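Q:
In this note's numbering, the protein residues as written are 67 to 954.
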C-alpha cells in the first residue's frame with residue numbers, strides 16, 4: 067500500500083461521475099431494445115461510453131480505459147450490424163456497466179491491480195467481435211512444462227490410420243450437432259453429456275500425446291459448465307467452436323494435422339477458464355496443479371508514479387512477461403520473413419500476424435504499459451495499411467515494420483534489465499539526445515509540475531460539469547510553460563502550450579461547453595507534452611517516435627482563432643524545430659563507464675549478437691554498394707545499424723550504441739530523401755566497419771572507455787556528412803587490432819566494385835596551396851614515387867603479414883590512380899562524376915596506410931583525396947596551378 071496521495075484522492079470523484087454516465091448509457095441501451103432497435107439510442111449509448119473512456123483516460127486508469135474501449139467498439143459493431151448475437155452483446159454491455167465503477171473503486175480503495183477481474187469480461191467483448199481473446203496473450207502465463215514433456219504424436223494407437231480417421235469423423239459429427247443444439251439452448255444437460263463423451267473418447271485415442279491434454283482440459287471446461295463453476299459466456303462458447311474446428315481438421319487432414327503446431331492459443335484460453343474456476347471437482351483441481359494455474363496471473367500493488375497509477379510486479383513476473391512477449395515478437399517476425407522469403411498470400415499473412423499484435427497489445431495494456439501498447443497498435447495499423455495499399459508488398463514496404471519490432475523487443479528487454487517497481491516501459495530507441503544543464507533541467511522539472519496542476523484542474527472542470535473556476539489560472543500557467551520551453555529551445559512543445567493557452571482562454575473560459583471529442587484532443591495534447599518532457603528529463607526524446615506528434619495532433623483538433631506563429635504543421639515532423647544541442651553528440655558515459663559491473667551473461671549475449679550483425683553488414687553493405695537500386699540491401703543495412711544501436715544501449719556498450727545511432731541516421735536521412743549518398747558517406751561507413759570489431763573486443767574486455775576518441779571522431783564525421791561537410795578521421799587503430807583491421811579492409815574491398823555519386827554539396831571556396839608537392843613533378847612521377855611500396859621500410863615491430871597485405875592493396879589502388887592520371891595527360895578527362903573509383907582508391911589507400919603505419923603515404927593520399935573532393939563537388943574546372951596533376 068502507499069500513502070494517501072493527491073492523485074488517488076483526486077480520483078474519488080470519478081467513481082460517481084462514471085456511474086452517472088454509465089447509467090445514461092444503460093438507459094439509452096434499454097431504449098434501443100424497447101424501441102425496436104432504434105439506432106439513435108445506440109448512438110447516445112456510445113456517446114456516454116466515450117465520455118467515460120475520456121474521463122478514465124485523463125485520470126490514467128489503465129484497466130478502465132481498456133474496458134471502455136472494448137465497450138465502445140462493441141456498440142460500434144452493433145451500429146455497423148457486424149454482431150451476429152445482438153442479445154448476447156446487450157447482456158455483456160450491461161455487465162460491463164456494473165463492472166467499470168466496481169473495478170475503479172477497487173483500484174482506489176485497495177491499491178491492488180487484479181487483471182483477472184477484467185480478463186473474463188474483456189474476452190466476452192472480443193469474442194462477440196470475432197477477435198482474439200485477451201487470455202491468449204502473455205499476461206496469462208501458465209506453466210506448460212508438463213505439456214512440453216509429452217510427444218507431439220504417438221504411433222501405437224494410430225497403426226490403423228483409416229479406422230482412427232473414421233472414428234474421428236463420426237465423433238466430429240456428434241460434437242458439431244450437440245454443440246449446435248446447445249447454442250440454441252436445447253436440452254443443455256443432454257448435449258453437454260454428448261460433448262463430454264466425445265472429448266473423453268478423443269482423450270483415449272490420443273493417450274500419451276500432447277493432444278490428450280487438449281481433450282482433457284476441454285472436458286474439464288465442459289464439466290465446469292455442467293456444474294456451474296465456469297461461466298457460459300460468449301468467449302467460452304467461441305472456444306467450444308474452436309475445439310470443433312480442430313476436430314474437423316483432424317478428420318479431414320489425418321496424420322499430417324498431428325505433425326503441425328499444437329493449438330497453443332486455444333489451449334491457453336481453455337486453461338484460463340479453469341484458472342478462474344473454483345476447484346469443485348477433482349479433474350479441475352488436478353489440472354490447476356499440473357499447470358500451476360494459481361501462479362499464472364500476475365498480481366501487484368498499484369504505485370503512484372508521474373504517469374499515474376501503475377501496477378508494480380515482482381521481477382520474476384516481469385521476467386516471465388518479457389520472455390513471453392519476446393516469443394510473440396519472434397513469431398510475428400518469423401511469419402513476415404516467411405512471406406518475404408517464400409511468398410504466399412498477402413491477405414493470409416496479414417490474418418496470421420495481426421492477432422499476434424493484438425495479443426501483445428492486450429498484455430501491455432493489462433500491465434499498465436499504455437505507451438508501448440500504442441506502439442504495437444501503430445505497428446499493426448501500419449502493416450494493415452501496407453498490405454491494403456500494395457498488392458504484393460516486399461522488403462522495402464515491410465522493412466519499417468520490422469525495424470519497429472526490433473524497437474519493441476529491445477525496449478522490453480531494457481525494461482527487464484533496468485526494472486524498477488512501477489516503472490513504465492519507454493521506447494527510447496532512435497531518439498535525439500538532449501543535454502540539459504542544471505538550470506535547464508530545473509526549468510523542465512518545473513514545467514512538468516505545472517502540467518500536473520493543469521491536469522488536476524481539467525479533471526475538476528470535467529467532474530463539476532464545466533465549472534470554469536477550475537480553469538482560471540490555467541492560461542497563465544500555459545503561458546509560463548510556453549515561455550520556459552522556448553528558453554530551452556524546445557519550440558515544438560512550446561507551440562503546443564501556446565495553442566492550449568488560447569484554446570482554454572477562448573473556448574473553455576468563454577462559456578462554451580466543450581464536446582467530448584475536444585476533451586479527448588485536450589487530453590492527447592497535455593499527455594503528449596508531459597511524456598515528451600519526461601523522456602528529455604531522462605536523457606532521451608521520443609520526438610521521432612510520435613510523442614510530440616500526439617500533442618500536435620491533439621491541438622489540430624482544438625479550434626482557436628488568430629494563432630500567432632503559424633500552424634503547427636510548419637514544424638517538420640521528424641526534426642526538432644531547434645534542438646538543444648547538435649543532433650549527434652559525443653556519447654556521454656553511461657552506467658557501464660561509471661564503474662558499475664555489467665552482467666557477464668549480458669555481455670556474452672551482446673558480443674554474440676554484435677558479431678552476427680557485423681557479419682550481416684559485411685554482406686549487405688557491399689551488395690548495396692554494387693547495386694545502389696537494391697532497396698532490400700539498403701533497408702537491411704539500416705536495420706543492422708539500428709539493432710547495433712539498440713542492443714548496445716541496452717547492454718551498456720555505450721560507444722557501439724552511439725556509433726550505430728550515428729550511422730543509422732545517415733541511412734535514415736538517405737532513405738527519406740534528405741541526403742544524397744556520397745563518397746564521404748561511404749568513407750564514414752567504411753572507417754566504422756573497420757573500428758567496430760575493435761569496439762566489440764574492448765567492450766568484452768571491460769575497457770570500452772579507451773575507445774571514446776575514435777568513436778567521437780566517427781560520430782562527428784557522420785554529422786559532418788549530414789551537414790554537407792567533408793569528414794576527417796585522425797585516430798590511429800590500436801596495436802592489438804592493426805592486422806585484423808587490415809584484413810577486414812581487404813575482405814570488404816573484395817565486395818566493393820563501385821562507390822556512389824559524389825553529390826554532397828561542397829564549400830563554395832577552395833584555399834589553394836594546401837598540398838605541398840614539387841612543382842616540377844609530372845603526374846606519372848608523383849604517382850610512381852608514392853607507388854614504390856615495396857621499398858618502404860617496415861616500421862619497427864610491424865608484422866610481415868600486415869605489410870604484405872598493405873603492399874598488395876596499395877598496388878591495386880595505385881593502378882587506378884595511374885590510369886586516371888594517364889587519361890588526364892591524354893586530354894580525355896570528362897569530369898569527376900564518372901571517376902568515383904579514383905576517390906575510393908585514394909580513400910582506401912589512406913586507410914590502409916594508416917593501419918600499416920605508413921604515415922607519409924597516408925598523408926599524401928589524404929591530401930589528394932581532399933583536393934579532388936573539393937574541386938569535384940564544386941563542379942569547376944581544374945586550374946593550371948595544380949602542377950601535381952599536370953592538366954594543361
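Just so you know, even glycine gets a beta-carbon here, dropped at the ideal spot from N, CA and C. All figures in this text were calculated on a predicted structure; none of them were measured in a lab.
In chain order, what residues of the same chain have a beta carbon less than 7 Å from the beta carbon of residue 701, not counting five sequence neighbours either side?
A: To locate residue 701, count along the chain shown from 1; it is residue 635. Sequence-distant partners of residue 701 (beyond 5 residues in either direction) whose C-beta falls short of 7 Å from its own C-beta, in its chain, are 461, 462 and 465.
Q: If I follow the unbroken alpha helix (DSSP H) through residue 695, where does it start and stop?
A: For this step, residue 695 is matched to residue 629 along the chain shown. Premise fails: residue 695 is in no alpha helix (DSSP H) and is neither H nor E.
Q: Which residue marks the beginning of the alpha helix (DSSP H) containing residue 724, and which one marks its end?
A: One-based indexing of the chain shown puts residue 724 at position 658. Counting along the chain, the alpha helix (DSSP H) containing residue 724 begins and ends at 720–737.
Q: To the nearest angstrom, how far is it from the Cα of residue 754 to the Cα of residue 134?
A: In the chain shown, residue 754 corresponds to position 688, counting from 1. In the chain shown, residue 134 corresponds to position 68, counting from 1. For residue 754 and residue 134, the distance between alpha carbons rounds to 50 Å.
Q: Sorted by chain position, which residues of the same chain lie with C-beta nearer than 6 Å to residue 386's C-beta, five sequence neighbours on each side aside?
A: In the chain shown, the residue the question calls residue 386 occupies position 320. The answer, listed in chain order, is 207.
Q: Using beta-carbon positions only, say whether residue 757 and residue 780 come within less than 8 Å of one another.
A: By 1-based counting over the chain shown, the position of residue 757 is 691. By 1-based counting over the chain shown, the position of residue 780 is 714. Contact: yes.
Q: Out of 684, 83 and 403, which has the shortest C-alpha to C-alpha gap to residue 759?
A: Here the question's residue 759 lines up with position 693 in the chain shown. Residue 684 is the option with its Cα nearest to residue 759.
Q: Please classify residue 707: does DSSP put it in a helix, a strand, or coil?
A: Taking the first residue of the chain shown as 1, we reach residue 707 at position 641. Helix, per DSSP.
Q: Checking 8 Å against the spacing of the C-beta atoms, do residue 150 and residue 304 come in under that value?
A: Here residue 150 is taken as the residue at index 84 of the chain shown, counted from 1. Here residue 304 is taken as the residue at index 238 of the chain shown, counted from 1. Going by C-beta atoms, residue 150 is not nearer than 8 Å to residue 304.
Q: From 550, 186, 173 and 174, pick the residue whose C-alpha is nearest to that of residue 159; which is it?
A: In the chain shown, residue 159 corresponds to position 93, counting from 1. The option with the nearest alpha carbon to residue 159 is 186.
Q: Would residue 309 and residue 271 qualify as a contact pair, given that the criterion is a beta-carbon distance under 8 Å?
A: For the purposes of this step, residue 309 is taken as residue 243 along the chain shown, with counting starting at 1. For the purposes of this step, residue 271 is taken as residue 205 along the chain shown, with counting starting at 1. Cβ distance not < 8 Å, so residue 309 and residue 271 don't count as in contact.
Q: Of all the options 360, 403 and 171, which has the alpha carbon lying nearest to the alpha carbon of residue 698?
A: Against the chain shown, residue 698 aligns to sequence position 632. The shortest C-alpha to C-alpha distance from residue 698 to any of 360, 403 and 171 is the one to 403.
Q: Using a threshold of 7 Å, is the CB atom of residue 879 nearer than that to any non-hydrogen atom of the ligand ADP?
A: In terms of ligand content, the structure shown is empty, and the ligand ADP therefore cannot be addressed.
Q: Can you tell me the Cα-Cα spacing of residue 200 and residue 213, whole angstroms?
A: As a working mapping, residue 200 is identified with position 134 in the chain shown. As a working mapping, residue 213 is identified with position 147 in the chain shown. Taking the straight line from one Cα to the other gives about 21 Å.
Q: If residue 120 sits next to residue 590, beta carbons under 8 Å apart, how far is it from one beta carbon to the other, in whole angstroms?
A: For this step, residue 120 is matched to residue 54 along the chain shown. For this step, residue 590 is matched to residue 524 along the chain shown. Rounded, the Cβ-Cβ distance is 10 Å, inconsistent with contact.
Q: Going along the chain, which residues of its own chain have a beta-carbon closer than 7 Å to the beta-carbon of residue 398, five neighbours each way excluded?
A: Locating residue 398 in the chain shown gives position 332, where the first residue counts as 1. Closer than 7 Å at Cβ, skipping near neighbours: 419, 422, 423 and 471.
Q: Compare the C-alpha of residue 91 against each of 252, 100, 118 and 104 and name the closest.
A: Position 25 of the chain shown holds residue 91. Considering only alpha carbons, the answer is 118.
Q: Exposed or buried, which one is residue 666 when buried takes at least 16 other CB atoms within 10 Å?
A: Taking the chain shown and counting its residues from 1, the one referred to as residue 666 is at position 600. Burial call: exposed.
Q: Buried or exposed: which applies to residue 256, given that a residue is buried once 16 or more other Cβ atoms fall within 10 Å of its Cβ?
A: Within the chain shown, the letter at position 190 stands for residue 256. Its Cβ having fewer than 16 others within 10 Å, residue 256 is exposed.
Q: Shortest alpha-carbon distance to residue 618 belongs to which of 317, 594 and 433?
A: For the purposes of this step, residue 618 is identified with residue 552 of the chain shown, where counting begins at 1. Nearest option by C-alpha distance: 594.
Q: Nearest-angstrom Cα distance between residue 87 and residue 521?
A: For this step, residue 87 is matched to residue 21 along the chain shown. For this step, residue 521 is matched to residue 455 along the chain shown. Those two C-alpha atoms are separated by around 21 Å.
Q: Write down the C-beta distance between residue 388 and residue 332 rounded to the nearest angstrom, noting that I regard them as a contact closer than 8 Å.
A: The count along the chain shown starts at 1 and reaches residue 388 at position 322. The count along the chain shown starts at 1 and reaches residue 332 at position 266. Their Cβ separation, rounded to whole angstroms, is 24 Å, which puts residue 388 and residue 332 out of contact at 8 Å.
Q: Identify the continuous alpha helix (DSSP H) that holds residue 251 and give its terminal residues.
A: For the purposes of this step, residue 251 is taken as residue 185 along the chain shown, with counting starting at 1. That residue, residue 251, is in no alpha helix (DSSP H); it is neither H nor E in DSSP.
Q: For residue 710, tell me which candidate among 674, 738 and 915 has the shortest Cα-Cα distance.
A: By 1-based counting over the chain shown, the position of residue 710 is 644. Of 674, 738 and 915, the residue nearest in Cα terms is 674.
Q: By how many angstroms is the C-alpha of residue 563 removed from the C-alpha of residue 626?
A: Position 560 of the chain shown, counted from the start, is the residue given in the question as residue 626. Position 497 of the chain shown, counted from the start, is the residue given in the question as residue 563. Inter-residue distance for residue 626 and residue 563 is about 13 Å (C-alpha atoms, whole angstroms).
Q: In its own chain, which residues sit with a C-beta less than 6 Å from the C-beta of residue 736, not counting the 5 before and 5 after it?
A: Numbered from its first residue, the chain shown carries residue 736 at position 670. Counting only Cβ-Cβ distances below 6 Å, and skipping sequence neighbours, we find 743.
Q: Between residue 624 and the rest of its own chain, which residues show a CB-CB distance below 8 Å, the 5 nearest in sequence each way excluded?
A: Numbered from 1 along the chain shown, position 558 holds the residue referred to as residue 624. Cβ neighbours of residue 624 beyond the five flanking positions: 565, 566, 569, 573, 584, 587, 588 and 591.
Q: Taking the alpha helix (DSSP H) that residue 212 falls in, what are its first and last residues?
A: The residue labelled residue 212 in the question sits at position 146 within the chain shown. Note, residue 212: alpha helix (DSSP H), 211–214.
Q: Checking 8 Å against the spacing of the C-beta atoms, do residue 955 and residue 426 come in under that value?
A: Residue 955 lies beyond the stretch modelled for the chain, which goes from 67 to 954, so this question has no answer here.
Q: Which same chain residues, not among the five before or five after residue 548, have their C-beta less than 7 Å away from its C-beta?
A: Your numbering for residue 548 matches position 482 in the chain shown. The answer, listed in chain order, is 560, 563, 564 and 567.
Q: Using a Cβ-Cβ cutoff of less than 6 Å, which residues in the same chain neighbour residue 60 once the five nearest sequence positions on both sides are dropped?
A: What the structure shows of the chain is the stretch from 67 to 954, and residue 60 is not part of that stretch, so it cannot be assessed.
Q: So, at 7 Å on beta carbons, what are the nonlocal neighbours of residue 680 in its own chain, with the 5 sequence-adjacent residues on each side left out?
A: Counting from one through the chain shown, the residue named residue 680 turns up at place 614. Around residue 680, the same chain offers 758 and 759 as residues with beta carbons nearer than 7 Å, after the five sequence neighbours per side are excluded.
Q: Alpha carbon to alpha carbon, how far is residue 931 from residue 437? Give it in angstroms, no decimals.
A: Indexing the chain shown from 1 puts residue 437 at position 371. Indexing the chain shown from 1 puts residue 931 at position 865. If I take the Cα positions, the gap works out to 48 Å.
Q: Once the 5 residues before and after residue 190 are set aside, which same chain residues still bring their CB inside 7 Å of it?
A: Your numbering for residue 190 matches position 124 in the chain shown. Closer than 7 Å at Cβ, skipping near neighbours: 158, 299, 300 and 301.
Q: Mapping DSSP to helix, strand and coil, what is residue 894?
A: As a working note, residue 894 is residue 828 in the chain shown. With a pLDDT of 42 at residue 894, under the threshold of 50, the modelled position of that residue is not reliable, and the figure given next carries that caveat. If DSSP states are grouped into helix, strand and coil, residue 894 belongs with coil.
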